[in-house]
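Student:
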Amino acid sequence: MKVGVVTFPGSNCDYDCHRAVQDGVEGAEAVYLWHKEHDLQGVDAVLLPGGFSYGDYLRCGAIAAHSPIMREVKAFADAGGPVAGICNGFQILCEAGLLPGALIRNRTLKFISRPAFLCVEQAEAPFTSAYAVGDVLTIPVAHGEGCYSADDATLDELEATGRVVFRYCDADGNVTAEANRNGSARGIAGIRNAAGNVLGLMPHPERAMDALLGSADGAGFFRSLAGHLAPT
Amino acid sequence: MTEFQIEVRVTPRRGILDPQGKAVGGALASLGFAGVSEARVGRLVTFHLRAASDEEARGQADAMCRQLLANPVTEDFDVRVQALAGSAP
Chain A
8 MKVGVVTFPG SNCDYDCHRA VQDGVEGAEA VYLWHKEHDL QGVDAVLLPG GFSYGDYLRC
68 GAIAAHSPIM REVKAFADAG GPVAGICNGF QILCEAGLLP GALIRNRTLK FISRPAFLCV
128 EQAEAPFTSA YAVGDVLTIP VAHGEGCYSA DDATLDELEA TGRVVFRYCD ADGNVTAEAN
188 RNGSARGIAG IRNAAGNVLG LMPHPERAMD ALLGSADGAG FFRSLAGHLA PT
Chain W
-5 MTEFQIEVRV TPRRGILDPQ GKAVGGALAS LGFAGVSEAR VGRLVTFHLR AASDEEARGQ
55 ADAMCRQLLA NPVTEDFDVR VQALAGSAP
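Here it is, written out as structure tokens:
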């Protein structure tokens, strides 16, 4: 399996994503894709990493969403290719129209950098099949604009069609207002598109790859992808 | 072609959480400006645009807002167009 990690100017989790794929999944190869290129190098999946692409100018992810490589990423996603956006990558996917809604300033106006509990609501390929529905994961968040926002009709549709993949919860898996520190609509931490091949989430699974660093709960994200792409 | 001055005002849509506006409103109140309410913080984008007419300039600026300058999910925009003095029609 070959996974492309896109580097935008200001991406700062590209190395972590690259390493999570390369070291976390046996036999996997990760390649960097430069934002100005148009060639996806034949990858089997694309990761849009976290960071502050284009300095978060205008709106988070707004300018990256129109960078050259995104034309190919959109075509790849439209053809069913697995695409995940983590943190700034999630913001980019929303700005690019690959996922509905938007990520706006945290309710508290504070940048939140801490481990968060996430409840898994969908355990399916390509990104969450290694988990079980109801699992409570500990995965760090680090964002100033992570408050998921969409109109009620969109939120209702996301819920009715099983497209909410992760929600912020407490240690016991209860989705509470206190656990939802950034103020996201309905506690949403991650969603997928209708076809299921595009996922966006604010928490950083690539930063939860080793118990020594606090949690290895993110490894399942990369194992899921590996399982999905493994030749059968 | 005429050179136009374009001003785009982008504001958080009504009903969308605007913590920045809330914080600014709170700070104004604590300074003693008791009459302040509904404070909202947006952004102003200005640029020059060469176009054949006022309508064309406005149409282009609207398209820019929809595609990039504003996020239609969370923001409203308002475009102001003014022909620059000394610009030949």
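Protein chains in written order, with the numbering used here: chain A, 8 to 239; chain W, -5 to 83. Idealized CB from N, CA, C, for every residue including glycine.
Can you tell me whether Q(-1)(W) is helix, strand or coil according to DSSP?
Tutor: Indexing the second sequence from 1 puts residue -1(W) at position 5. Residue state, collapsed to three classes: strand.
Student: Can you list, in chain order, the residues of its chain with a C-beta nearer than 8 Å to that of V140(A)? Leave out the 5 residues immediately preceding and following it.
Tutor: As a position in the first sequence, residue 140(A) is number 133, starting the count at 1. Once the five neighbours on either side are set aside, the close Cβ partners of V140(A) are V127, E128, Q129, A130.
Student: Counting contacts by CB-CB distance shorter than 8 Å, is V67(W) in contact with chain A?
Tutor: Numbered from its first residue, the second sequence carries residue 67(W) at position 73. So, interface residue.
Student: According to DSSP, what are the bridge partners of L38(W)?
Tutor: For the purposes of this step, residue 38(W) is identified with residue 44 of the second sequence, where counting begins at 1. L38(W) pairs with R3(W).
Student: Should F71(W) and V2(W) be called a contact, given that it needs their Cβ atoms to be closer than 8 Å?
Tutor: Stepping through the second sequence from its first residue, residue 71(W) is reached at position 77. Stepping through the second sequence from its first residue, residue 2(W) is reached at position 8. Yes.
Student: Let me confirm a value: Q61(W) is counted as buried when at least 16 other C-beta atoms fall within 10 Å, else exposed. Which label applies?
Tutor: For the purposes of this step, residue 61(W) is identified with residue 67 of the second sequence, where counting begins at 1. So Q61(W) counts as exposed.
Student: Please classify G108(A): does DSSP put it in a helix, a strand, or coil?
Tutor: Within the first sequence, residue 108(A) is the residue found at index 101, counting from 1. Coil, per DSSP.
Student: By DSSP, does L208(A) sit in helix, in strand, or in coil?
Tutor: To locate residue 208(A), count along the first sequence from 1; it is residue 201. The answer is strand: DSSP assigns L208(A) an E or B state.
Student: Comparing alpha-carbon positions, which option in F229(A), A69(A), H211(A) lies nearest N19(A)?
Tutor: Against the first sequence, residue 19(A) aligns to sequence position 12. Closest option to N19(A), Cα to Cα, is H211(A).
Student: Kindly list, in the order they appear in chain W, the residues whose Cβ is closer than 7 Å to that of G190(A).
Tutor: The residue labelled residue 190(A) in the question sits at position 183 within the first sequence. Result: L11.
Student: Would you mind telling me which residues of chain D sit closer than 8 Å to Q14(W), beta carbon to beta carbon, in chain order?
Tutor: Of the protein chains in the structure, A and W, none is chain D.
Student: May I have the straight-line CA-CA distance separating W41(A) from E166(A), to the nearest angstrom?
Tutor: Counting from 1 along the first sequence, the entry for residue 41(A) is found at position 34. Counting from 1 along the first sequence, the entry for residue 166(A) is found at position 159. When rounded, the distance between both Cα atoms is 35 Å.
Student: Give the secondary structure of S104(W) by DSSP, where H, G and I count as helix, E and B as strand, and everything else as coil.
Tutor: A question about residue 104(W) goes unanswered here, because the residues of chain W that appear run from -5 up to 83.
Student: In whole angstroms, what separates the C-alpha of G62(A) from that of G17(A)?
Tutor: By one-based count along the first sequence, residue 62(A) stands at place 55. By one-based count along the first sequence, residue 17(A) stands at place 10. Computed Cα separation, rounded: 6 Å.
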